[in-house]
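Comments concern the structure below.
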Amino acid sequence: MTFLIIVMVVFAFAGMIKGMIGLGLPAVSMGLLTIAMSPFQAASLLIVPSMVTNVWQLFAEGHVWSFICRFWSLLLGVILGSIWGFLPSLSQGQGSEILLGSMLALYGLYGLCAKKLPYLAAHERWLSPIMGYIGGAVTIATGVIIIPIVPYLQSLHLKRDELVQALGLTFTVSTICLAIFLHDQPTTGGALDYRWSSVALVAALIGMWFGKKVRYHLNEQKFRQLFFIGLLTLGSYMIVH
Numbered sequence: 058m059t060f061l062i063i064v065m066v067v068f069a070f071a072g073m074i075k076g077m078i079g080l081g082l083p084a085v086s087m088g089l090l091t092i093a094m095s096p097f098q099a100a101s102l103l104i105v106p107s108m109v110t111n112v113w114q115l116f117a118e119g120h121v122w123s124f125i126c127r128f129w130s131l132l133l134g135v136i137l138g139s140i141w142g143f144l145p146s147l148s149q150g151q152g153s154e155i156l157l158g159s160m161l162a163l164y165g166l167y168g169l170c171a172k173k174l175p176y177l178a179a180h181e182r183w184l185s186p187i188m189g190y191i192g193g194a195v196t197i198a199t200g201v202i203i204i205p206i207v208p209y210l211q212s213l214h215l216k217r218d219e220l221v222q223a224l225g226l227t228f229t230v231s232t233i234c235l236a237i238f239l240h241d242q243p244t245t246g247g248a249l250d251y252r253w254s255s256v257a258l259v260a261a262l263i264g265m266w267f268g269k270k271v272r273y274h275l276n277e278q279k280f281r282q283l284f285f286i287g288l289l290t291l292g293s294y295m296i297v298h
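For the sequence shown, the working numbering assigns the number 58 to the initial residue and increments by one for each residue that follows.
In structure tokens, the structure reads:
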């Protein structure tokens, strides 16, 4: 019952934040869950909510094939990085918690400090596979692919809807890679327990619905700032702890 309450509260809160500002579900849920459990166990709970929300984000506007054709090298890099990564994986305990805390803190600093990103579209051809490879390695190490994928895609200066779909496509592929990795680890007994992950999905969807209801009654810019300050604080706590 305690485990159920933790899962429901964390994913409802993370879903509410995503409903308010359009991002933050994996980062918030992973960061909060690892206070009570291992990053490996937290990542297994993230699979179904992350997959469903990312697929919806990807197909919401159509034109999916054009995004695959443009970002195929980025996606290939994610796959290769998840197979032959250079970082310790989620199954290696404390090192993974420090890496996750570092990623959350970096994401918080990025959100607070980044005002105008450089225009990197001219270098997209050779940067995409490199960024994808790093992102894939980070996914297997921390359960989230935020750094460096989010800043990189934003530096391409895509339109808002294009950025949302590009993120949805990349996150979908990274989630599939993460699910395969978790499934193949001996500590899971050869299979993930998708029942708990499905419970997390229900809580996340309820939170997203509530977040969308209240988003127009809040100052979104100030809420974003508080969100990134929270991530920076949570990441710093994980590193020190």
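Glycine included, each C-beta is placed from N, C-alpha and C at the ideal position.
Computed from a predicted model, the values in this text were never measured in an experiment.
Secondary structure of MET65, DSSP reduced to three states = helix
message = For the structure I just gave you, are there three or more beta carbon pairs, one from the region 271-289 and one from the region 155-167, closer than 8 Å?
response = yes
query = Do you know how far the Cα of GLU219 is from the Cα of LEU262?
reply = 23 Å
For TYR209, the three-state DSSP class (helix, strand or coil) = helix
query = Which word fits ILE140, buried or exposed, when buried means at least 16 other C-beta atoms lie within 10 angstroms of its C-beta?
reply = exposed
query = Whose C-beta lies closer than 6 Å to the C-beta of SER293 among residues of the same chain, with five residues either side of it excluded?
reply = ALA162
request  = Just confirm the distance between the C-beta atoms of LEU147 and PRO186, as a whole number of angstroms; I'd bet it's less than 8 Å.
outcome  = With a Cβ gap of about 23 Å, LEU147 and PRO186 do not count as contacting.
Boundaries of the alpha helix (DSSP H) in which HIS240 is found, first to last residue = 217-241
Neighbourhood of GLY192 by C-beta, 6 Å cutoff - its chain only, sequence neighbours within 5 removed = VAL135, ILE202 and ILE206
query = Per DSSP, what kind of secondary structure is PHE267 in: helix, strand or coil?
reply = helix
inquiry  = Between MET87 and GLY158, how many whole angstroms is the CB-CB distance? I'm expecting something under 8 Å.
reply    = So it is not a contact: roughly 10 Å between Cβ atoms.
Candidates THR59, VAL64 and HIS240: closest to SER255 by CA position = VAL64
message = Can you look up LEU258 in the DSSP assignment and give me helix, strand or coil?
response = helix
query = How would you label ILE237, buried or exposed, when you count the other beta carbons within 10 angstroms and need 16 or more for buried?
reply = exposed
task = Within the same chain, show all residues whose beta-carbon is closer than 6 Å to that of MET73, passing over the 5 residues directly before and after it, in chain order.
result = GLY264, PHE267 and GLY268
inquiry  = Is the separation between the beta-carbon of GLY225 and that of LEU115 shorter than 8 Å?
reply    = yes
message = Need the endpoints of the alpha helix (DSSP H) that LEU133 sits in, please.
response = 121-140
ask   = Taking buried to mean at least 16 other C-beta atoms within 10 Å of its own C-beta, is LEU131 buried or exposed?
value = buried
Length of the line joining the Cα atoms of LYS279 and LEU169 = 11 Å
key: Backbone secondary structure at ALA83 - three-state DSSP   = Per the sequence shown, the amino acid found at residue 83 is Pro instead of Ala. If DSSP states are grouped into helix, strand and coil, PRO83 belongs with the helices.
Simplified DSSP state of GLY165, which is helix, strand or coil = helix
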